[in-house]
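Student: Could you have a look at this structure, given as structure tokens, before my questions?
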Amino acid sequence: MRIGIVTATYLPSRNGVATSTALFARGLRERGHEVLVFAPRHPQMPPHEDGVYRLNSSFAGARALGAPADYPVMLAPGPRLTARLPLRGLDVVHTMHPFLAGRLALRWARLAGAPVVFTAHTQYDEYLHYTPMPRRVGRAVLRPHVSAFARRVDAVLAPGQAMVDMLRGYGFAGETTLFPNPVDLTAFAGASGAAFRAEYHVAPDVPLVVSLGRLAPEKNLGVMLRAFDRARASRPELRLLVVGDGPSRAEAQAMAPEGVTFTGPVPYARVPEALAAADAFLTASTSEVLPMSMIEALAAGAPLVAARSAAALDLIREGENGTVREATPDDLSLGLLETLAPARLGALQAGARASARQYALPERAAALEAVYLRVLARRRPHF
């Protein structure tokens, strides 16, 4: 198949959508398909990218819309650029977004006579605090738009139950297929966290907790830090590495208790060793869909201690690969102490690795290929 993927974020931007899209592109290519990725320009993008076609973007626009600093906003391509894009002959078009990228996907699919697949990655309501409009107004505009877009495509995928529920709440009553994101398990299978621990002066025998992701208000960082502090009152030897960057980093660092180190962002190539260094992964976020960082933590053998969220309930099998607790410092600290108990930790780490196997890239790429074949079999015109 000749597959076009239209995404508003792509490597080297560092977020779950960019990472999972790049992995799917790689996995589909390994299965013999031609994959063309249409993504916004990024100042750190490589000079040559096989199969990637860059569209104009704006960092100023990203700041105005409250998008992350590493998330340039895609701009609509003009007719001259569009004419240079290899849009004809596409068998299927897949978009990760219901806004400009989605509109382009629909337009280009009409040109190619191809069906459109849409993956709903984001709980958009949880990010309205970034936009320069009242939350009530944002919801009134957002919900009908997303629902209407989902009705125009041939297949709707959702990486977690939270997204299925969100689409239902937005008014979309059509079929939605649960479709988890992939992880490159080979990158985690042999990863060692020894060098990462040494870099941050954490001895091999010290129990280490890691939190990895964007440092933003929706991540509930204050609760996470207080939970760690309460756990450390019982086990003073505990350490916490907070890996990542974002608008809440300065505030979180200012309130961080003893035993916490903020590493700042690390290159994605080092994520396996950062997570392999951990005895457990801690998150207090309640807005997660199915974050790559939590799946990657499982792949690295780090059991999850997570606040109750749709993602946590999707990923965690209680007592096997982690624990789900209420989003309070007391509940999370107790969950962390129970997870790190020497008598339980080894079994939880083995359970974490075992539970990650279902997200292996070859299996997820094969499943996506099956989705494409299904929509091709029932192809219909777009209006």
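Heads up, the sequence shown is in the UniProt record's numbering, so the first residue is 1 and it goes up one at a time. Just so it is clear, CB atoms sit at the ideal spot from N, CA and C, and this is done for glycine as well.
Assuming Leu225 contacts Ala254 (C-beta within less than 8 angstroms), just tell me the rounded distance between them.
Tutor: As a working mapping, residue 225 is identified with position 225 in the sequence shown. As a working mapping, residue 254 is identified with position 254 in the sequence shown. Incorrect: roughly 10 angstroms between the Cβ atoms, too far for contact.
Student: May I have the straight-line CA-CA distance separating Ala162 from Arg379, to the nearest angstrom?
Tutor: On the sequence shown, residue 162 is found 162 positions in, with the first residue counted as 1. On the sequence shown, residue 379 is found 379 positions in, with the first residue counted as 1. The straight-line gap from Cα to Cα measures roughly 28 angstroms.
Student: Rounded to a whole number of angstroms, what is the C-alpha to C-alpha distance between Leu368 and Val73?
Tutor: By 1-based counting over the sequence shown, the position of residue 368 is 368. By 1-based counting over the sequence shown, the position of residue 73 is 73. When rounded, the distance between both Cα atoms is 27 angstroms.
Student: Is it a yes or a no for the segment 293-300 touching the segment 180-192, going by three-plus beta-carbon pairs under 8 angstroms?
Tutor: The segment 293-300 is in contact with the segment 180-192.
Student: Name the DSSP beta bridge partners of Ser58, please?
Tutor: Translated into positions along the sequence shown, residue 58 becomes position 58. Paired residues: Val73.
Student: When every heavy atom of the ligand SAH is checked, does at least one fall within less than 7 angstroms of the C-beta of Arg374?
Tutor: This structure does not include the ligand SAH; it has no bound ligands of any sort.
Student: Report all residues from its chain with a CB closer than 6 angstroms to the CB of Leu81; omit the five preceding and five following residues, and keep chain order.
Tutor: The residue labelled residue 81 in the question sits at position 81 within the sequence shown. Correct list: empty, nothing qualifies.
Student: Would you check if the distance between the CB atom of Leu376 and the CB atom of Val92 is smaller than 8 angstroms?
Tutor: Your numbering for residue 376 matches position 376 in the sequence shown. Your numbering for residue 92 matches position 92 in the sequence shown. Yes, the Cβ-Cβ distance between Leu376 and Val92 is below 8 angstroms.
Student: So, helix, strand or coil for Ile316, using DSSP?
Tutor: Residue 316 sits at position 316 when you count from the first residue of the sequence shown. In this structure, Ile316 counts as coil in the three-state DSSP scheme.
Student: Could you tell me which whole beta strand (DSSP E) segments of length 3 or greater appear in the segment 135-185?
Tutor: Whole beta strand (DSSP E) segments, 3+ residues: 155-158.
Student: On a CA-only basis, which of Asp184, Arg230, Ala354 is nearest Thr19? Give me that one, please.
Tutor: Counting from 1 along the sequence shown, the entry for residue 19 is found at position 19. The residue with the shortest Cα to Cα distance from Thr19 is Asp184.
Student: Going by CA-CA distance only, name the one from Met1, Ala307, Asp165, Leu240 that's closest to Gly89.
Tutor: Position 89 of the sequence shown holds residue 89. Out of Met1, Ala307, Asp165, Leu240, Met1 has the C-alpha closest to the C-alpha of Gly89.
Student: Would you mind stating whether Gly16 and Leu36 have Cβ atoms separated by less than 8 angstroms?
Tutor: By 1-based counting over the sequence shown, the position of residue 16 is 16. By 1-based counting over the sequence shown, the position of residue 36 is 36. Not a contact, by the Cβ cut-off of 8 angstroms.
Student: Specify, as a first and last residue, the run of the alpha helix (DSSP H) that Val371 falls within.
Tutor: Locating residue 371 in the sequence shown gives position 371, counting from the first residue. Start and end: 361-377.
Student: How many Å lie between Arg325 and His48 at the Cα?
Tutor: One-based indexing of the sequence shown puts residue 325 at position 325. One-based indexing of the sequence shown puts residue 48 at position 48. Rounded to whole angstroms, Arg325 to His48 spans 46 angstroms at the Cα level.
Student: What does DSSP give as the partner residues of Thr95 in its beta bridges?
Tutor: To locate residue 95, count along the sequence shown from 1; it is residue 95. The partner list for Thr95 (beta bridge, DSSP) reads Val6, Phe118.
Student: Let me confirm a value: Thr9 is counted as buried when at least 16 other C-beta atoms fall within 10 Å, else exposed. Which label applies?
Tutor: Here residue 9 is taken as the residue at index 9 of the sequence shown, counted from 1. Buried is the call here.
Student: Can at least three beta-carbon pairs, one atom from the segment 157-176 and one from the segment 316-336, be found at a separation below 8 angstroms?
Tutor: No, the segment 157-176 does not touch the segment 316-336.
Student: Starting from the N-terminal side, write out each stretch of the alpha helix (DSSP H) that is 4 residues or longer and does not extend beyond the segment 228-284.
Tutor: For the segment 228-284, whole alpha helix (DSSP H) runs of length 4 or above, ordered along the chain, are 249-255, 271-276.
Student: In this structure, how does DSSP classify Ser211 when only helix, strand and coil are distinguished?
Tutor: Taking the first residue of the sequence shown as 1, we reach residue 211 at position 211. In this structure, Ser211 counts as strand in the three-state DSSP scheme.
Student: Does Arg235 pass the burial test, meaning 16 or more other C-beta atoms within 10 Å, or should it be called exposed?
Tutor: By 1-based counting over the sequence shown, the position of residue 235 is 235. Looking at its Cβ environment, which holds fewer than 16 other Cβ atoms inside 10 Å, Arg235 is exposed.
Student: Do Gly301 and Ala352 have their C-beta atoms closer together than 8 angstroms?
Tutor: Position 301 of the sequence shown, counted from the first residue, corresponds to residue 301. Position 352 of the sequence shown, counted from the first residue, corresponds to residue 352. Yes, they are a contact pair.
Student: Could you pull out every residue in the same chain whose Cβ sits closer than 7 angstroms to the Cβ of Ala311, ignoring the five residues on either side in sequence?
Tutor: As a position in the sequence shown, residue 311 is number 311, starting the count at 1. Closer than 7 angstroms at the Cβ level, and outside the excluded window around Ala311, lie Gly160, Ala162, Glu288, Val289, Leu290, Pro291, Met294.
Student: Among Ser192, Ser333, Ala189, which has the Cα closest to the Cα of Thr283?
Tutor: The residue given as residue 283 occupies position 283 in the sequence shown. It is Ser333.
Student: Taking 8 angstroms as the limit between beta carbons, can you name the residues of its chain near Leu167, skipping five residues before and five after?
Tutor: Counting from 1 along the sequence shown, the entry for residue 167 is found at position 167. If we look at Leu167 and ignore the five residues flanking it on each side, its Cβ neighbours are Ala120, Val146, Ser147, Ala150, Val156, Ala158, Thr176.
Student: Once you ignore the five residues that flank Pro134 on each side, which residues in its own chain have a CB closer than 6 angstroms to its CB?
Tutor: Counting from one through the sequence shown, the residue named residue 134 turns up at place 134. Unreliable positioning characterises Pro134 in this predicted model, as indicated by a pLDDT of 49, which lies under 50. A coordinate reading is not provided.
Student: When the Cα of Leu212 is compared with those of Ala76, Arg143, Pro272, Leu336, which residue comes out closest?
Tutor: Taking the first residue of the sequence shown as 1, we reach residue 212 at position 212. Answer by Cα proximity: Pro272.
Student: Among all the DSSP beta bridges, which residues are the ones paired with Val324?
Tutor: As a position in the sequence shown, residue 324 is number 324, starting the count at 1. In DSSP, Val324 forms a bridge with Ala306.
Student: Mind checking Ala327: buried by the 16 CB within 10 Å criterion, or exposed?
Tutor: Along the sequence shown, read from residue 1 onward, the residue named residue 327 stands at position 327. So Ala327 counts as buried.
Student: Look at the alpha carbon of Leu99 and the alpha carbon of Arg230, and state the distance between them as a whole number of angstroms.
Tutor: On the sequence shown, residue 99 is found 99 positions in, with the first residue counted as 1. On the sequence shown, residue 230 is found 230 positions in, with the first residue counted as 1. Per the sequence shown, residue 99 should be read as Phe rather than Leu. Taking the straight line from one Cα to the other gives about 43 angstroms.
Student: Determine the direct distance from the alpha carbon of Asp154 to that of Phe188, and round the result to whole angstroms.
Tutor: Residue 188 sits at position 188 when you count from the first residue of the sequence shown. Residue 154 sits at position 154 when you count from the first residue of the sequence shown. Distance between the alpha carbons of Phe188 and Asp154: 35 angstroms.
Student: Compare the C-alpha of Phe281 against each of Ala250, Gly264, Pro303, Arg143 and name the closest.
Tutor: Mapped onto the sequence shown, residue 281 falls at position 281. Considering only alpha carbons, the answer is Pro303.
Student: If you count every other CB in all the chains shown that lies within 10 Å of the CB of Gly346, and 16 or more means buried, which is it?
Tutor: Position 346 of the sequence shown, counted from the start, is the residue given in the question as residue 346. Answer is exposed; the Cβ neighbour count stays below 16.
Student: Could you pull out every residue in the same chain whose Cβ sits closer than 6 angstroms to the Cβ of Gly171, ignoring the five residues on either side in sequence?
Tutor: For the purposes of this step, residue 171 is taken as residue 171 along the sequence shown, with counting starting at 1. Within the same chain, Gly171 has close Cβ partners Ser147.
Student: Please go through the same chain and pick out, in chain order, the residues whose beta-carbon is closer than 8 angstroms to the beta-carbon of Ser248, but skip the five residues on each side of it.
Tutor: Residue 248 sits at position 248 when you count from the first residue of the sequence shown. Result list for Ser248: Leu215, Ala216, Pro217, Lys219, Leu221, in chain order.
Student: Using the Cα positions of Ala191 and Val141, report the straight-line distance between them to the nearest angstrom.
Tutor: Within the sequence shown, residue 191 is the residue found at index 191, counting from 1. Within the sequence shown, residue 141 is the residue found at index 141, counting from 1. Each residue's alpha carbon lies about 45 angstroms from the other.
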